[in-house]
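Here is the structure we will look at.
Protein chains in written order, with the numbering used here: chain A, 38 to 379; chain B, 2 to 220.
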């Protein structure tokens, strides 16, 4: 549905050349929610602007639904953009128009008939839950409501693809969750493919199917969300995963505890997260377990848990316990003192 | 009091009318030129790629015209005015220099108003595939309307000031009456009356501008 092929983008500011994107490729399948995560300055904002050519690549190709955008004429690109919705961190509504007009006027300007405009505005205000706010000006709305209007405006063009540029970054946690819920709903019910960028792992965790991690204009890791959670390869990816599972243990405590037995990072996916494995091993084997930190989160389609536990006991017994856990589908990794505080 | 009205009434009413006439006609043409010029300044400046030369040219032209005081411009433009409207005298003769004086000023005011429009909103409309001309009209000018109205108000008041010099080419107006009768022939009461009328006029225009601008804000 969305294909970015070997995209490179360099900006020239005076004599300096800055490479914002360096040979980036990604493919978003139809009906999927694809997330791009990175710290600020990683190039993700430039990346999402490639998907509707708000920013033109220096080299590489952008293919949306079979059409290569870079080869389209200005006029054809304009028409194509009408099928690609976009929402922004700053909402970008017109202050001088009511909610109704904010949705209706772009429709009118793209040549939708008056009667159809009425039906669509009503339909999409209904979907975002703001039917009662049609005649209100944006300044009278909360941030979450403004983003809902912006989503309704994007949906009213009945796009196949929705691009989201940090759409929840300006919102508080509760409102963020509501907007994410809404995005999930429109993905499921309207079948709209979503490409979003964010710096919050929470967003990826809640709604994304696949994820790419960006750093310094490159994609350093990509794959299904659950894979990145279970086995993050790159340092930056680990940091993002750890932002959900704060598991820092002071180094001297790790050192002290290791005298009596190993410290384990246990990763549970799916049903393994729901069974009481730790209490089972302490009953079965001659060991004592002590949880240092832990958390269970709901990924889009999986339950995912992470525990850091100290296992006290003989090498023989702890080895048996680890084998048992591995047999239950738990991913076990022993912590060494370097994993304490980074 | 009655004697004053009898003696000066008609002169002052006629002068007020002449001022109105000069201001409205030259304002009309100034907006006609100044607003598109302001838009051109903004888009040639923000589009960056390939249009920056246009911005530089406009910039120099506008600065050049704005460097010349109106009274000098009035005389410097005499031959040009004669070519354009056939005469350099009277109300007709003063419109051309007034427009040339006001339009670049207005363009600058429009430029600063339009620059205040959130770049993100413009980007959102580009992303929706809206035509550039529609974006200029429905997004930029619409969102800047409140600030544009204030800018026009400032320009109108500047314009009224400039019409005071119109008497020099025989166009009449309030400024001319105050100068000719009030100052030259030493009739201070005439001068004070015209000053009071001008004050009321300008207070009224500024208040009207403020109200309209507030109305256009809608928040």
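Using N, Cα and C, we set each Cβ at its ideal position, and we do this for glycine too.
Could you check what DSSP says for residue i in three-state terms: helix, strand or coil?
| i | result |
| --- | --- |
| residue 237 of chain A | coil |
| residue 38 of chain B | helix |
| residue 52 of chain A | coil |
| residue 26 of chain A | Nothing in the structure corresponds to residue 26 of chain A, since chain A is present only between 38 and 379. |
| residue 261 of chain A | strand |
| residue 110 of chain A | coil |
| residue 216 of chain B | helix |
| residue 129 of chain B | coil |
| residue 312 of chain A | coil |
| residue 379 of chain A | The predicted position of residue 379 of chain A is uncertain, since its pLDDT is 39 and thus under 50; no value can be drawn from it. |
| residue 120 of chain A | coil |
| residue 182 of chain B | helix |
| residue 59 of chain A | strand |
| residue 266 of chain A | helix |
| residue 47 of chain A | strand |
| residue 424 of chain A | Nothing can be reported for residue 424 of chain A: it is not among the residues displayed for chain A, which extend from 38 to 379. |
| residue 21 of chain B | helix |
| residue 71 of chain A | strand |
| residue 332 of chain A | strand |
| residue 219 of chain A | helix |
| residue 348 of chain A | strand |
| residue 305 of chain A | strand |
Apart from the five residues on each side of it in sequence, which residues of its chain come closer than 6 Å, Cβ to Cβ, to residue i?
| i | result |
| --- | --- |
| residue 44 of chain A | 58, 61, 87, 94, 97 |
| residue 247 of chain A | 71, 261 |
| residue 192 of chain A | 161 |
| residue 85 of chain A | 200, 202, 234 |
| residue 214 of chain B | 147, 150, 151 |
| residue 46 of chain B | 56 |
| residue 30 of chain B | 100 |
| residue 79 of chain B | 89 |
Within the same chain, show all residues whose beta-carbon is closer than 8 Å to that of residue i, passing over the 5 residues directly before and after it, in chain order.
| i | result |
| --- | --- |
| residue 35 of chain B | 103, 104, 105, 106, 107, 108, 110, 111, 156 |
| residue 189 of chain B | 183 |
| residue 141 of chain B | 40, 43, 115, 118, 123 |
Look at residue i and residue j and say whether their C-beta atoms are less than 9 Å apart.
| i | j | result |
| --- | --- | --- |
| residue 199 of chain A | residue 223 of chain A | yes |
| residue 343 of chain A | residue 293 of chain A | no |
| residue 165 of chain B | residue 179 of chain B | yes |
| residue 164 of chain A | residue 184 of chain A | no |
| residue 24 of chain B | residue 160 of chain B | yes |
| residue 130 of chain A | residue 204 of chain A | no |
| residue 89 of chain A | residue 121 of chain A | yes |
| residue 252 of chain A | residue 206 of chain A | no |
| residue 372 of chain A | residue 363 of chain A | no |
| residue 274 of chain A | residue 250 of chain A | yes |
| residue 99 of chain B | residue 163 of chain B | yes |
| residue 195 of chain B | residue 209 of chain B | no |
| residue 255 of chain A | residue 269 of chain A | no |
| residue 328 of chain A | residue 349 of chain A | no |
| residue 243 of chain A | residue 335 of chain A | yes |
| residue 263 of chain A | residue 306 of chain A | yes |
| residue 180 of chain A | residue 212 of chain A | yes |
| residue 158 of chain B | residue 203 of chain B | yes |
| residue 40 of chain B | residue 137 of chain B | yes |
| residue 111 of chain A | residue 83 of chain A | no |
| residue 154 of chain B | residue 64 of chain B | no |
| residue 277 of chain A | residue 330 of chain A | no |
| residue 91 of chain B | residue 118 of chain A | no |
| residue 40 of chain A | residue 124 of chain A | no |
Leaving out the 5 sequence neighbours to the left and right, which residues in its chain are closer than 7 Å to residue i when beta-carbon positions are compared?
| i | result |
| --- | --- |
| residue 66 of chain A | 38 |
| residue 94 of chain B | 82, 86, 88, 170, 172 |
| residue 378 of chain A | Because residue 378 of chain A sits at a pLDDT of 45, beneath the cut-off of 50, its placement in the model cannot be relied upon, and the following sentence gives the value as read from the coordinates. Taken in chain order, the residues that qualify are 285, 287, 288. |
| residue 176 of chain A | 132 |
| residue 121 of chain B | none |
| residue 68 of chain B | none |
Please list, in chain order, the chain C residues whose beta carbon lies closer than 7 Å to that of residue i.
| i | result |
| --- | --- |
| residue 127 of chain B | The displayed structure is made up of protein chains A and B, and chain C is not among them. |
For residue i, is the beta carbon positioned less than 8 Å from some heavy atom of the ligand HEM?
| i | result |
| --- | --- |
| residue 175 of chain B | As presented, the structure is devoid of all ligands, the ligand HEM included, so that no description of it is given. |
>> Check whether the segment 330-343 of chain A and the segment 4-14 of chain B touch, using three or more Cβ-Cβ pairs below 8 Å as the test.
In response: no
>> I'd like to know if the segment 111-130 of chain B and the segment 141-151 of chain A are in contact, where contact means that at least 3 CB-CB pairs between them fall below 8 Å.
In response: yes
> How do the segment 166-182 of chain A and the segment 48-57 of chain A stand: do at least 3 beta-carbon pairs fall below 8 Å, yes or no?
Replying inline: no
>> Tell me which residues of the segment 170-196 of chain A have at least one Cβ-Cβ distance to chain B shorter than 9 Å, keeping chain order.
In response: 174, 175, 176, 177, 187, 190, 191, 194
>> Short of 7 Å Cβ to Cβ, which residues in the segment 138-158 of chain A face chain B?
In response: 142, 143, 146, 147
> Using 8 Å as the Cβ pair cut-off and three pairs as the minimum, do the segment 345-363 of chain A and the segment 304-323 of chain A touch?
Replying inline: yes
>> If the cut-off is 9 Å on Cβ atoms, which residues from the segment 92-125 of chain A count as contacting chain B, listed in chain order?
In response: 114, 115, 116, 117, 118, 119, 120, 121, 122, 123, 124, 125
> Which residues, in chain order, does the segment 113-141 of chain B contribute to contact with chain A at a C-beta distance below 8 Å?
Replying inline: 119, 121, 122, 124, 125, 126, 127, 128, 129, 130, 131, 132, 135, 139, 140
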